Amino acid sequence: MLLIAALTFTGLSHANTGVAFVHGTGSQSDAYNDYWTGSFVQSVIQGLPNSSNYTVINCDFTQYMWTSGAAGCLAGQLTTFINQKGITSLTLITHSNGGNVARWIMSNPTWDSRYPNIINRIDEVIALAPSSGGTPLADAVIDGNVFESALGWLLGYKNDAVRMQQEAWMASYNANWLYGTGGRPGLPKPFRSVVGTDVESAIWDSDSYCGGYAQNVGLEFTQNWLDSCSDGFLNCSSQNAAGSVWFYDTSKTYGDEPLSHAQSRRKCFGLDAFLRNRI
Numbered sequence: 720m721l722l723i724a725a726l727t728f729t730g731l732s733h734a735n736t737g738v739a740f741v742h743g744t745g746s747q748s749d750a751y752n753d754y755w756t757g758s759f760v761q762s763v764i765q766g767l768p769n770s771s772n773y774t775v776i777n778c779d780f781t782q783y784m785w786t787s788g789a790a791g792c793l794a795g796q797l798t799t800f801i802n803q804k805g806i807t808s809l810t811l812i813t814h815s816n817g818g819n820v821a822r823w824i825m826s827n828p829t830w831d832s833r834y835p836n837i838i839n840r841i842d843e844v845i846a847l848a849p850s851s852g853g854t855p856l857a858d859a860v861i862d863g864n865v866f867e868s869a870l871g872w873l874l875g876y877k878n879d880a881v882r883m884q885q886e887a888w889m890a891s892y893n894a895n896w897l898y899g900t901g902g903r904p905g906l907p908k909p910f911r912s913v914v915g916t917d918v919e920s921a922i923w924d925s926d927s928y929c930g931g932y933a934q935n936v937g938l939e940f941t942q943n944w945l946d947s948c949s950d951g952f953l954n955c956s957s958q959n960a961a962g963s964v965w966f967y968d969t970s971k972t973y974g975d976e977p978l979s980h981a982q983s984r985r986k987c988f989g990l991d992a993f994l995r996n997r998i
């Protein structure tokens with residue numbers, strides 16, 4: 720009994736838990752305010768034993784996931800956070816393409832000498848609307864049709880991250896470089912997705928304004944070119960392609976509300992509370 724108590728005291732009770740928020744496609748310099756919003760971040764981190772143990776990543780995710788500006792930048796900022804705070808148990812909360820960059824690190828531990836230390840400290844990745852299987856909208860942007868102008872606000876214009884998220888390209892990466900999808904080795908740490916299944920943008924419905932009304936209108940428009948189960952940017956089949964599903968939005972959200980791609984990084988329908996309680 721004394722041995723068990725000693726092991727418990729020196730192990731679990733001394734875990735130093737931290738959270739990192741990892742944005743999606745785009746080059747960020749102030750993701751705290753511009754991507755996640757402070758209200759979302761501050762609500763989530765109240766679930767930490769020490770609410771100062773968090774970091775918000777700012778990298779150039781317009782690049783291919785393996786580049787120094789993407790995975791290299793993420794590895795550098797995570798390493799600094801781990802070292803400065805003495806983090807021993809790390810949760811990554813990713814959104815969209817941020818899940819791909821995190822999967823690159825976990826799938827390729829020999830690529831960068833910093834990766835193994837990061838992987839060892841990850842407890843789990845909570846992937847909000849991850850683009851694990853890509854999106855046909857990326858194909859449309861690269862092809863240069865009407866979506867190029869219609870989706871500039873959402874994706875950016877023909878950058879490498881958009882090119883990477885074409886469905887056939889992601890299928891190739893998943894088959895050769897990334898773990899966690901069907902028929903591939905499992906990821907070394909849990910990768911659990913939150914899947915958005917629909918978009919609502921009725922002007923009379925107050926729920927349509929969470930995450931930005933204009934963005935939800937745009938996402939409902941683009942949903943016409945996606946499967947019936949989608950968040951306006953990603954099909955559900957892409958969001959659930961890697962790891963395991965934590966939950967589909969309406970199975971857990973307040974009022975059984977769906978989470979559009981814009982709402983899955985906002986304080987909408989209890990999402991922040993579910994994350995807060997999990998970490």
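Here my numbering is used: the first residue of the sequence shown is 720, the next is one more, and so on.
Even glycine gets a Cβ: it sits at the ideal position worked out from N, Cα and C.
These figures come from a predicted structure and were not determined experimentally.
Annotated three-state conformation of A790 is helix, per DSSP.
For I764, the secondary structure class from DSSP, reduced to helix, strand or coil, is helix. Burial is judged here by how many other beta carbons sit within 10 angstroms of a residue's own beta carbon; A921 has fewer than 16 and is exposed. In this chain, the beta strand (DSSP E) harbouring A846 covers I841 to L847. For G818, the enclosing alpha helix (DSSP H) covers residues G817 to S826.
The residue among W830, R911 and F993 with its C-alpha nearest the C-alpha of N959 is R911. Judged by DSSP in its simplified three-state form, R833 adopts coil rather than helix or strand. Rounded to the nearest whole angstrom, the C-alpha separation of A890 and T829 is 22 Å. For S956, the three-state secondary structure derived from DSSP is helix.
Take L978, set aside five residues on each side of it, and the residues of its chain with a beta-carbon closer than 6 Å to its own are G915 and D968, in chain order. Three or more beta-carbon pairs separated by less than 8 Å link the stretch 757 to 766 to the stretch 970 to 989, which places the two stretches in contact. Listed in chain order, the non-local C-beta contacts of S770 below 6 Å within the same chain comprise I764, local neighbours out to five positions each way being set aside. Counting C-beta pairs with one atom in each stretch, the stretch 802 to 817 and the stretch 841 to 858 have three or more that are closer than 8 Å, which means they touch.
Taking each of G743, Y754, H733 and G737 in turn and checking the Cα distance to G931, the smallest one comes out for Y754.
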